[in-house]
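Whatever position you read off the sequence shown (first residue = 1), add 1026 for our numbering.
Read through the structure below, which is laid out as structure tokens, and then see the notes.
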Amino acid sequence: MIIGRLIGIDRDEDALFASKKRLSNYQNVTYVWGNHENIRQHLNDINIDLVDGILLDLGVSSYQIDEATRGFSYTKNARLDMRMNQKQDLDAQYIINNYSKENLEKIFFEYGEENFSKRIASKIVSERENKKIETTFELADIIRSAAPKGGVDSFKRIFQALRIEVNGELRDLKKAVEDSIMSLKNGGRLCIITFHSLEDRIIKNTFAEYEGRCTCPKDFPKCVCNFKSYGKIITKKPIIPTKDEQERNSRSKSAKLRVFERNIK
1027 MIIGRLIGID
1037 RDEDALFASK
1047 KRLSNYQNVT
1057 YVWGNHENIR
1067 QHLNDINIDL
1077 VDGILLDLGV
1087 SSYQIDEATR
1097 GFSYTKNARL
1107 DMRMNQKQDL
1117 DAQYIINNYS
1127 KENLEKIFFE
1137 YGEENFSKRI
1147 ASKIVSEREN
1157 KKIETTFELA
1167 DIIRSAAPKG
1177 GVDSFKRIFQ
1187 ALRIEVNGEL
1197 RDLKKAVEDS
1207 IMSLKNGGRL
1217 CIITFHSLED
1227 RIIKNTFAEY
1237 EGRCTCPKDF
1247 PKCVCNFKSY
1257 GKIITKKPII
1267 PTKDEQERNS
1277 RSKSAKLRVF
1287 ERNIK
């Protein structure tokens, strides 16, 4: 019987520790501390060229949200942190207290799609002149006072935007998808789970780019544009959780799964 090899990559050392504990009975697992944006380097470091399949589960984990000390949640009071990699310097507290009003507006609007970005950014800058903003509840109070109707949805959007900025979640995502596709064997599949539209848009567009398409006029008898294809999109529409799954796991509601299959000709 052929036994495969599982390679787990995560920048959060707590996640690796939990995985090692849960999979302690399996000897065919390799744990790598790192980020998916460096997948080619990680595979090279363990002398692997191509793999049979890759699963990218993007975004924050339930553990990170539920663990109050990590500072990801506006429902639990903690130091503003939000670092997936606890060894990096940049955290949410630094961003809130040091970024300019213009930069905060940009982050909140582009990463959180928050309509009241200017009002919230202005309020943050005003409040930090009197006192350093240190905790999740302090930030939540500012958002509540700046956003209409108490800002319940704004909490989610601002905290998402901060998390994305802290961890650079979108910065190299396209590169991670490209390198993952190029790391697949013929017939291998890349499966990616996203949890918000910003991630999903990047995945959808990159898959389309790597699937390629003929740009010749329809009346040409044969293709002459020599377009390059690296495979095909398996999921023309993303797979979303069933109602039953959403009821069992409310955090799955925004999840979308897209699949790409590498075809080397």
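Glycine included, each C-beta is placed from N, C-alpha and C at the ideal position.
Is it true that the segment 1049–1060 meets the segment 1150–1168, where meeting means three or more beta-carbon pairs spaced less than 8 Å apart?
no
Can you tell me whether Glu1282 is buried or exposed? The criterion is at least 16 other CB atoms within 10 Å of its CB, across all chains shown.
Strictly speaking, residue 1282 in this sequence is Lys, with Glu absent from that position. The residue is buried, with at least 16 neighbouring Cβ atoms inside 10 Å.
Note down the Cα distance separating Arg1109 from Lys1132, rounded to an integer number of angstroms.
20 Å
Beta carbon of Phe1233, beta carbon of Ile1259: below 7 Å?
yes
According to DSSP, is Glu1153 part of a helix, a strand, or is it coil?
helix
Is Arg1284 near Thr1268, with beta carbons less than 7 Å apart?
In this structure, Arg1284 lies away from Thr1268, with their beta-carbon atoms at least 7 Å apart.
Extent of the continuous alpha helix (DSSP H) run through Glu1271
Lys1269 to Arg1274
Label Thr1095 either buried or exposed according to how many other C-beta atoms from any shown protein chain fall within 10 Å of its C-beta, with 16 as the threshold for buried.
Thr1095 should be labelled exposed.
Coarse secondary structure for Asn1123, derived from DSSP in three states
helix
Per-residue DSSP class, three states only, for Ile1266
Note: Ile1266 maps to coil in three-state DSSP.
Test: Asp1198 CB closer than 7 Å to a CB of chain C
Of the chains in the structure shown, none is chain C; there is only one protein chain.
How would you label Arg1288, buried or exposed, when you count the other beta carbons within 10 angstroms and need 16 or more for buried?
It counts as buried.
Quick one: residues in its chain with C-beta nearer than 7 Å to the C-beta of Arg1031, no 5 flanking neighbours on either side, listed in chain order?
Asn1054 and Thr1056
Please list, in chain order, all residues of the same chain as Val1192 whose beta carbon is under 7 Å from its beta carbon, the five residues on each side excluded.
Met1108, Arg1109, Leu1116, Asp1117, Ala1118 and Ile1121
Whole angstroms are fine: how far does the CA of Phe1253 sit from the CA of Val1086?
37 Å
Cα-Cα separation, Phe1181 to Glu1128:
19 Å
Across which residues does DSSP place Val1178 in a beta bridge pair?
In the DSSP output, where bridge partners are listed per residue, Val1178 has none listed.
Whole-angstrom Cβ separation of Asp1075 and Gly1214, contact assumed at under 8 Å?
That pair is no contact at about 12 Å.
Could you give the C-beta distance for Arg1105 and Glu1039, rounded to a whole number, given that I count them as a contact under 8 Å?
That pair is no contact at about 18 Å.
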